[in-house]
Ligand SMILES: [Ca+2]
Ligand SMILES: [Ca+2]
């Protein structure tokens, strides 16, 4: 490790033709079994932040050329054959977040990427992360506009299931020393609007037209963001905050108020709703944690009027992290569904008593069968039936198919004949409304 660090610094120094020392980005990715890794404080550690989070990224600019030693431990000093990790030390671009986090399908931004080692990056208006200054870079990113492209997941690398319900693309920044890891840019549900600070009080509320996909940040510490919009009698709006689902540790809260004036022209404010977590917290199934801390609300407008919305992070008083971006989406209802399928992992009795999510590849033996669990995520009150089956199976292999009606779960059974030929390859499915 010291050898590689030194080598990388020297190379960069020569390439730049000046005396600057490369800004290294050290990233650690733990296995599903390992506890959050951390980089412990060290004696004479250079002035840089020590992230104590899962899969930390350390931003390190060497004070002088030389050999450096990196010590790496599991936070709780656990270990074993299943505690694998990857340690990366490089001078490639590091993307920390993108604003706005979403764009309309068929458009290409512009977006602003915030991170480190960004080619042509400019100082990011004093934004700091663990004591390290961030850079910003204006980019364009083409977003698909066709129906298939609008339903793709931004899921490069290991991610949380909560993120798996959002459509988006994986975006990377190319630099002279390599590509950044992927950063998702999501597909907006309505025209994108950026929050306008200061908006910390009702009087400063950012006025928006709905529908809107508002991009905001729970930043700086103790941030509160107010928005104001007009709605017409009879309209129904879905109001949702999307932040925890973006992979952040944020815990958004949403408050909605109706604003009227009395006979004297004085403003009257009435509570409409206050939400923390969604009612259907565990979205589907019980085998995996698909829960989210993002609130949502269905607003029925009884009279023409003005509404104000307050968005904040429940624990924002104690946090100061510019990566805590959010989307406030106010849109019409679109009854729809998503379906996921996953192979049922055979478990021993002991494993069943200690359930853990693992990753297994679906396979079926000749003369055998494979069970796939199917889960249906109903959105915006969708109540219809959905038919699912597999397509592109080789000769001798069949799938039972299933219809999900009043229930949200089902199963597919894949069976192989005794004389089916050896085969491996992708199969497709097209869940459809009945
Ligand atoms: Ca804000
Ligand atoms: Ca604010």
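Numbering (the working numbering), first residue to last: 17 to 450. For glycine and all other residues, C-beta sits at the position ideal for the given N, C-alpha and C.
Item to complete: Provide the residue(s) that pair with residue 253 in DSSP beta bridges, ordered along the chain.
Response: As a working mapping, residue 253 is identified with position 237 in the chain shown. Bridge partners of residue 253: 315.
Worksheet item: With 16 other CB atoms within 10 Å as the buried threshold, where does residue 266 fall?
Response: Stepping through the chain shown from its first residue, residue 266 is reached at position 250. Label assigned to residue 266: buried.
Practice prompt. Would you kindly report the start and end of the unbroken beta strand (DSSP E) that includes residue 426?
Written response: In the chain shown, residue 426 corresponds to position 410, counting from 1. 425-432 is the extent of the beta strand (DSSP E) around residue 426.
Item to complete: Return the residue from the list 259, 96 and 292 that minimises the CA-CA distance to residue 179.
Response: As a working note, residue 179 is residue 163 in the chain shown. It is 259.
Worksheet entry | Distance between beta carbons of residue 392 and residue 378, contact taken as under 8 Å | Position 362 of the chain shown, counting from 1, holds the residue named residue 378. Position 376 of the chain shown, counting from 1, holds the residue named residue 392. About 19 Å; that fails the 8 Å criterion.
Practice prompt. Kindly indicate the opening and closing residues of the beta strand (DSSP E) around residue 104.
Written response: Locating residue 104 in the chain shown gives position 88, counting from the first residue. That run of the beta strand (DSSP E) goes 101-106.
Worksheet item: Between which two residues does the beta strand (DSSP E) harbouring residue 129 extend?
Response: Taking the first residue of the chain shown as position 1, residue 129 is located at position 113. Run containing residue 129: 127-132, per the beta strand (DSSP E) assignment.
Worksheet item: Would you say residue 112 touches ligand 1, meaning its beta carbon is less than 6 Å from a heavy atom?
Response: The residue you call residue 112 lines up with position 96 of the chain shown. No, the Cβ of residue 112 stays beyond 6 Å of every heavy atom of ligand 1.
Item to complete: Under 8 Å by Cβ, that's how I've got residue 327 and residue 270 pegged, so tell me the actual separation to the nearest angstrom.
Response: Mapped onto the chain shown, residue 327 falls at position 311. Mapped onto the chain shown, residue 270 falls at position 254. Between residue 270 and residue 327 the Cβ distance is about 6 Å, and since that is below 8 Å, they are a contact.
Discussion item. If you measure from each CB to the nearest heavy atom of ligand 1 and keep those under 5 Å, what residues do you get, in chain order?
Written reply: 232, 233, 239 and 241
Worksheet item: From what residue to what residue does the beta strand (DSSP E) around residue 245 run?
Response: The sequence position of residue 245 within the chain shown is 229, counting from 1. Residue 245 -> beta strand (DSSP E) spans 240-247.
Worksheet item: So what does DSSP say about residue 281, is it helix, strand or coil?
Response: Here residue 281 corresponds to residue number 265 of the chain shown, with the count starting at 1. Three-state DSSP puts residue 281 in coil, outside helix and strand.
Item to complete: Flag this pair as touching only if the region 216-235 and the region 151-171 have three or more C-beta atom pairs under 8 Å; answer yes or no.
Response: In this structure the region 216-235 does not touch the region 151-171; the number of beta carbon pairs closer than 8 Å is below three.
Practice prompt. For the beta strand (DSSP E) holding residue 306, just list the boundary residues, first then last.
Written response: Walking along the chain shown from the start, residue 306 turns up at place 290. First-last for residue 306: undefined, no H or E at that position.
Worksheet item: Opposite residue 13 in the DSSP bridges: which residues?
Response: The first residue shown for the chain is 17 and the last is 450, placing residue 13 beyond what the model contains.
Item to complete: State the DSSP-derived secondary structure class of residue 218, mapped to helix, strand or coil.
Response: Here residue 218 is taken as the residue at index 202 of the chain shown, counted from 1. Note: residue 218 maps to helix in three-state DSSP.
Worksheet item: Should residue 205 be labelled buried (16 or more other beta-carbon atoms within 10 Å of its own) or exposed?
Response: Translated into positions along the chain shown, residue 205 becomes position 189. Residue 205 comes out buried.
Practice prompt. For my contact list, residue 154 and residue 128 are in at a C-beta cut-off of 8 Å; report their separation, rounded to the angstrom.
Written response: Position 138 of the chain shown, counted from the first residue, corresponds to residue 154. Position 112 of the chain shown, counted from the first residue, corresponds to residue 128. Contact flag correct, Cβ pair sits at about 6 Å.
Fill in: Three-way DSSP call (helix, strand, coil) for residue 179 in this model
As a first step, residue 179 must be located in the chain shown, where it is residue number 163. Residue state, collapsed to three classes: helix.
Item to complete: Verify whether the separation of the beta carbon atoms of residue 157 and residue 194 is less than 7 Å.
Response: Here residue 157 is taken as the residue at index 141 of the chain shown, counted from 1. Here residue 194 is taken as the residue at index 178 of the chain shown, counted from 1. Cβ atoms of residue 157 and residue 194: not closer than 7 Å.
Discussion item. Restricting to Cα atoms, I'd like to know which of 140, 203 and 390 is closest to residue 162.
Written reply: Stepping through the chain shown from its first residue, residue 162 is reached at position 146. Of 140, 203 and 390, the residue nearest in Cα terms is 203.
Discussion item. For a quick check, are the C-beta atoms of residue 472 and residue 355 less than 7 Å apart?
Written reply: Nothing about residue 472 can be read from this structure; the chain reaches only from 17 to 450.
Worksheet item: How long is the line joining the alpha carbons of residue 453 and residue 394, rounded to whole angstroms?
Response: The requested residue 453 does not occur in the structure, where the chain is confined to residues 17 to 450.
Worksheet item: What's the gap between the Cα of residue 106 and the Cα of residue 199?
Response: As a position in the chain shown, residue 106 is number 90, starting the count at 1. As a position in the chain shown, residue 199 is number 183, starting the count at 1. Distance between the alpha carbons of residue 106 and residue 199 is about 17 Å.
Item to complete: Using three-state DSSP, classify residue 168 as helix, strand or coil.
Response: Translated into the one-based positions of the chain shown, residue 168 becomes position 152. It is coil, neither helix nor strand.
Worksheet entry | Closest residue to residue 256 among 239, 278, 197 and 310 (Cα-Cα distance) | Taking the first residue of the chain shown as 1, we reach residue 256 at position 240. Nearest C-alpha to residue 256: 310.
Discussion item. Do residue 402 and residue 428 count as a contact pair if the criterion is CB distance below 7 Å?
Written reply: Start at 1 with the first residue of the chain shown, and residue 428 comes out as number 412. Start at 1 with the first residue of the chain shown, and residue 402 comes out as number 386. No, these two residues do not count as a Cβ contact at 7 Å.
Worksheet item: Is the Cβ-Cβ distance between residue 444 and residue 413 less than 7 Å?
Response: The sequence position of residue 444 within the chain shown is 428, counting from 1. The sequence position of residue 413 within the chain shown is 397, counting from 1. In this structure, residue 444 lies away from residue 413, with their beta-carbon atoms at least 7 Å apart.
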